[in-house]
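Numbering (the working numbering), first residue to last: 16 to 146.
Structure follows, in structure tokens:
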């Protein structure tokens with residue numbers, strides 16, 4: 016399942032740690048809104064309970080699920096496209112996560128700062144171009 020795992024570390028804050036996958040602004044916005052931290056996203060991709068290809072989210076998309084979240088990845092462009100709740104009846108942010116899985120103030124502040132910086136990078140502003 017760890018097809019994106021890498022032993023190399025990167026200093027690029029716009030790369031999801033230990034995956035080599037770039038974050039899109041939408042993915043980071045979704046993660047913050049759904050209280051999902053970067054470590055959870057990394058674990059979901061690298062140690063998924065299940066994964067499958069899904070054109071529902073665009074071409075070359077792979078959905079990884081672990082715990083109560085799903086991470087959608089563009090396999091061709093090596094991008095994290097979005098973060099979803101695993102259960103299909105929990106699509107809105109108001110459904111939320113259990114209080115024990117909320118972002119801490121520090122995590123939220125760090126991810127929000129990263130999002131502000133990511134918005135300044137035009138190539139990743141809205142994710143991959145669709146053909």
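Cβ atoms here follow ideal geometry from the backbone N, Cα and C, with glycine treated the same way. Computed from a prediction, not measured in an experiment: that's the story for all the values here.
Asked, Found
"Any chance you could list the alpha helix (DSSP H) runs of at least 4 consecutive residues sitting entirely within the region 52-80, in chain order?", "53-61"
"Under the three-state reduction of DSSP, which class applies to residue 97: helix, strand or coil?", "strand"
"To which residues does DSSP link residue 36 through a beta bridge?", "31"
"How about the region 32-45 and the region 69-81: do they share at least three Cβ pairs that are nearer than 8 Å?", "no"
"Can you give the Cα-Cα distance for residue 53 and residue 135, rounded to whole angstroms?", "20 Å"
"Taking Cβ positions only, does residue 55 come closer than 7 Å to chain B?", "Absent from the structure is chain B; it holds one protein chain and no more."
"Name, in chain order, the residues that DSSP records as bridge partners for residue 84.", "81 and 100"
"How is residue 45 classed by DSSP in three states: helix, strand or coil?", "helix"
"How would you call residue 132, buried or exposed, if buried means at least 16 neighbouring beta carbons within 10 angstroms?", "exposed"
"Can you tell me where the alpha helix (DSSP H) holding residue 132 begins and where it ends?", "120-133"
"Between residue 57 and residue 32, which are expected to be in contact by the criterion C-beta below 8 Å, what is the C-beta distance as a whole number of angstroms?", "5 Å"
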